[in-house]
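Novice:
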Amino acid sequence: MKKEIYPFNKQMFIKLKKFAKIIILKCREEKINPIIYGSFMLFYYTQNEKLKVNDLDFYVREKDFTNLTNILEKSQIRFKYSPELHTLQVFKGNLKLEFDSIDFWYKGRKELINIHVDGIIVKALNLKSLKSIYKRAYERSKDNSKGNRIKYELLARLR
Numbered sequence: 001m002k003k004e005i006y007p008f009n010k011q012m013f014i015k016l017k018k019f020a021k022i023i024i025l026k027c028r029e030e031k032i033n034p035i036i037y038g039s040f041m042l043f044y045y046t047q048n049e050k051l052k053v054n055d056l057d058f059y060v061r062e063k064d065f066t067n068l069t070n071i072l073e074k075s076q077i078r079f080k081y082s083p084e085l086h087t088l089q090v091f092k093g094n095l096k097l098e099f100d101s102i103d104f105w106y107k108g109r110k111e112l113i114n115i116h117v118d119g120i121i122v123k124a125l126n127l128k129s130l131k132s133i134y135k136r137a138y139e140r141s142k143d144n145s146k147g148n149r150i151k152y153e154l155l156a157r158l159r
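Using the working numbering, the letters of the sequence shown correspond one by one to residues 1 to 159.
#1: Thinking leucine 155 and tyrosine 45 are a contact (beta carbons under 8 Å), I'd like their distance in whole angstroms, please.
#2: Between the C-alpha atoms of phenylalanine 40 and leucine 56, what's the straight-line distance to the nearest angstrom?
#3: According to DSSP, what are the bridge partners of arginine 78?
#4: Would you identify the three-state DSSP class for asparagine 148, choosing helix, strand or coil?
#5: State the DSSP-derived secondary structure class of tyrosine 106, mapped to helix, strand or coil.
#6: Less than 7 Å separating the Cβ of lysine 17 from some heavy atom of the ligand GTP?
Laid out in structure tokens, this is it:
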């Protein structure tokens, strides 16, 4: 049996996965299929235990935001929808999930894999797609260029 590896903030990571599972299952009831990316996938690919995963990032279709906000309202789950940013943030205490419009934010070919998140299978960006996101982010970012460059360089080492 393989030992599970955790990022630096193990307890936060475990809580984030449990919270994400609840939201993902609610999404699936409404035919919304989130695609995980961001620091969770950075950790997934690098297995770097020094990394912190402070939130989970997902892509959804732009048209899914209406159904997603309805699900959250019915479930009395706190959220903040920013249509101008094409982003919806979901909160539970100090936990945060972010849903971004794949139609607005992701340009290019979407190559996906299946991964396990707290016992359920979730679509995720493959390594090549994640590399392209971080490369573009560090090239264009005004507020976190260095952080995105470091993340890209971690991924670039992988084949």
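For each residue, glycine too, the CB sits at the ideal point set by N, CA and C.
Specialist: Concretely, from the data shown:
#1: 6 Å
#2: 6 Å
#3: Phe91
#4: helix
#5: coil
#6: Judged by which ligands are present, the structure shown has none, so any question about the ligand GTP falls away.
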